[in-house]
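A short worksheet on the structure shown next.
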Amino acid sequence: MTNKIKVIQYGIGPIGNKVTNYLLERKNIEIVGAVDINPVKFGVDLGKISGAGKELGIRITNNAKELFESTQADVVVVTTTSSLEKIYPQIIEILEYGLHIVSTCEELTYPWITNPELSHEINRLAKEKNAAVLSTGVNPGFLMDFLPAALTAICKDVTKVTVERFQDAQFRRIPFQQKIGAGLSLSEFQKKIEDGSLRHVGLTESIHLIASKLGWKLDKTEDIIEPVIAEQEVKTDSLTIKAGDALGVQQIGIGEKDGKELIRLVFKASIGESNPRDRIIIDGDPQIDSTIKNGINGDIATCAITVNAVASIVKAKPGLRTMADIEPISCFR
Numbered sequence: 001m002t003n004k005i006k007v008i009q010y011g012i013g014p015i016g017n018k019v020t021n022y023l024l025e026r027k028n029i030e031i032v033g034a035v036d037i038n039p040v041k042f043g044v045d046l047g048k049i050s051g052a053g054k055e056l057g058i059r060i061t062n063n064a065k066e067l068f069e070s071t072q073a074d075v076v077v078v079t080t081t082s083s084l085e086k087i088y089p090q091i092i093e094i095l096e097y098g099l100h101i102v103s104t105c106e107e108l109t110y111p112w113i114t115n116p117e118l119s120h121e122i123n124r125l126a127k128e129k130n131a132a133v134l135s136t137g138v139n140p141g142f143l144m145d146f147l148p149a150a151l152t153a154i155c156k157d158v159t160k161v162t163v164e165r166f167q168d169a170q171f172r173r174i175p176f177q178q179k180i181g182a183g184l185s186l187s188e189f190q191k192k193i194e195d196g197s198l199r200h201v202g203l204t205e206s207i208h209l210i211a212s213k214l215g216w217k218l219d220k221t222e223d224i225i226e227p228v229i230a231e232q233e234v235k236t237d238s239l240t241i242k243a244g245d246a247l248g249v250q251q252i253g254i255g256e257k258d259g260k261e262l263i264r265l266v267f268k269a270s271i272g273e274s275n276p277r278d279r280i281i282i283d284g285d286p287q288i289d290s291t292i293k294n295g296i297n298g299d300i301a302t303c304a305i306t307v308n309a310v311a312s313i314v315k316a317k318p319g320l321r322t323m324a325d326i327e328p329i330s331c332f333r
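All the letters of the sequence shown, read from the start, carry residue numbers 1 to 333 under my numbering.
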């Protein structure tokens, strides 16, 4: 590709900052604008916020509409929220300008079953404006949905798909450790489950993506959340977790048909996990049992796949797309 792909970044938080630095490494990408709602960042050079080590000549704005009107761009990379309802107005505003979108919104990775109304409206407007919309990431978006679905390509028959993603969270960002409830008492942990603030977002969407690729019409999905409990006191650089408190979270997603379990996704993230791994088990012909020892670093992988998707989204058919129906994404350095 001779012409650079011009990218606007929408959302300059921890993931957005890392995406900035990954985008800067690509010779066929040019960052042309940046948007964030945090007033502290208004007017600040993107390079300073992201830690790029130099000024980029791009001042962060809170006026997305003005930026879209005044800047020639191809793709908007959106790293703002996990919620489809919250990101929906941003997606619609971007599409009005006919810009392609790559997002990290977990609920947008396969929203056709969980939120059909918003999905159809995004798809309709994207086609009308000749733009493509994709949400991706390490999980959902790859390890627990697209990759296991792709592995079934060599199977004559498949009867069940099981995916395990076990992470040692002591090596992740503090916000991630907080997100999984590390250090909370069990009562505090339960309250956060009940108010919806403690869960791995996107597990149900991953189930539906796998099922759609395998032609399975599920009757039922479940999302079971429980704490991983410390048997003894655990200390990290930032936390002291008492025995009996939460080390993190285990979340199990199940997809069933006619009372039979067809899909089981197990996400476990805890401080000091003894056997971190990403494992895919496919019951079928042939049987597949594939493990990535020590697992994949989620922050690095999410930012990398988001940047790598930029080259694919500009060639995708207009509409709301998933990882299963666009050109395969690869590192294009």
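Cβ coordinates follow ideal geometry from the N, Cα and C atoms, glycine included. Since we're looking at a predicted model, the values are computed, not measured.
Burial state of residue i, where buried means 16 or more other Cβ atoms lie within 10 Å
i    : result
D36  : buried
D325 : exposed
E273 : buried
C331 : exposed
G365 : Missing from the structure shown is residue 365; the chain here goes from 1 to 333 and no further.
R124 : exposed
L320 : buried
R333 : exposed
T20  : buried
T159 : exposed
K315 : exposed
A34  : buried
S212 : buried
N38  : exposed
N28  : exposed
A153 : exposed
I329 : buried
D74  : buried
S206 : buried
S312 : buried
I180 : buried
N3   : exposed
N17  : buried
G196 : exposed
M1   : Residue confidence is low: M1 scores 43 on pLDDT, short of 50, so the model does not pin down where it sits. No coordinate-derived value is stated.
K156 : exposed
P111 : buried
K317 : exposed
Beta-carbon separation (whole angstroms), residue i vs residue j, contact threshold 8 Å
i    : j    : result
A149 : L214 : 7 Å
I60  : K41  : 5 Å
R165 : D278 : 5 Å
T114 : R264 : Not really, about 18 Å apart at Cβ, beyond 8 Å.
I210 : D145 : 5 Å
K260 : W216 : Not really, about 10 Å apart at Cβ, beyond 8 Å.
Q170 : I271 : 5 Å
V249 : P227 : 6 Å
L198 : K192 : 4 Å
A126 : E93  : The pair is not a contact, with the Cβ atoms about 13 Å apart (cut-off 8 Å).
Q90  : V78  : 6 Å
I281 : L147 : The pair is not a contact, with the Cβ atoms about 12 Å apart (cut-off 8 Å).
L151 : K129 : Wrong, their Cβ atoms sit about 35 Å apart, outside the cutoff.
L99  : F68  : 7 Å
A269 : Q167 : 4 Å
According to DSSP, residues forming a beta bridge with residue i
i    : result
V78  : Y10 and S103
A132 : G319
E220 : Note that residue 220 is Lys in the sequence shown here, rather than Glu. In DSSP, K220 forms a bridge with E256.
K235 : T240
I229 : A246
I5   : I29
Distance cut-off 6 Å: residue i Cβ against heavy atoms of the ligand FMN
i    : result
K213 : Among the components modelled here there is no ligand, and therefore nothing to report on the ligand FMN.
Does the segment 242-257 come close enough to the segment 209-221 to have 3 or more Cβ pairs within less than 8 Å?
Contact between the segment 242-257 and the segment 209-221 is present: three or more C-beta pairs spanning the two stretches fall below 8 Å.
Let me know the beta strand (DSSP E) ranges lying completely inside the segment 247-324, each 3 residues or longer, listed in chain order.
260-270, 277-285, 288-293 and 319-321
Within the chosen definition, does the segment 75-89 reach the segment 98-111 through at least 3 CB pairs nearer than 8 Å?
yes
Three or more C-beta pairs under 8 Å: does that hold for the segment 232-242 against the segment 192-212?
no
Sufficient close CB pairs (3 or more, under 8 Å) joining the segment 110-125 to the segment 292-307:
no
With three or more C-beta pairs closer than 8 Å as the rule, is the segment 280-298 touching the segment 3-20?
Touching, no, given that fewer than three Cβ pairs across the two stretches are closer than 8 Å.
With a threshold of 8 Å, are at least 3 pairs of Cβ atoms found where one atom belongs to the segment 29-46 and the other to the segment 54-62?
yes
If contact is defined by three or more beta carbon pairs under 8 Å, each pair taking one atom from either stretch, is the segment 222-237 in contact with the segment 125-134?
Judged by Cβ distances under 8 Å, the segment 125-134 makes no contact with the segment 222-237, as fewer than three pairs qualify.
Minimum length 4: unbroken alpha helix (DSSP H) runs contained in the segment 27-101
46-50, 64-70 and 84-95
Mind the definition here: the segment 107-116 touches the segment 137-144 only if three or more C-beta pairs lie below 8 Å; say whether that holds.
The answer is yes - the segment 137-144 touches the segment 107-116, with three or more Cβ pairs under 8 Å.
Output the residue ranges of the alpha helix (DSSP H) runs that lie fully inside the segment 122-177 and measure 4 residues or longer, sorted by chain position.
Listed in chain order, the complete alpha helix (DSSP H) runs (minimum 4 residues) inside the segment 122-177 are 146-151.
Fully enclosed by the segment 183-214, which alpha helix (DSSP H) runs are 4 residues long or longer?
186-194 and 203-214
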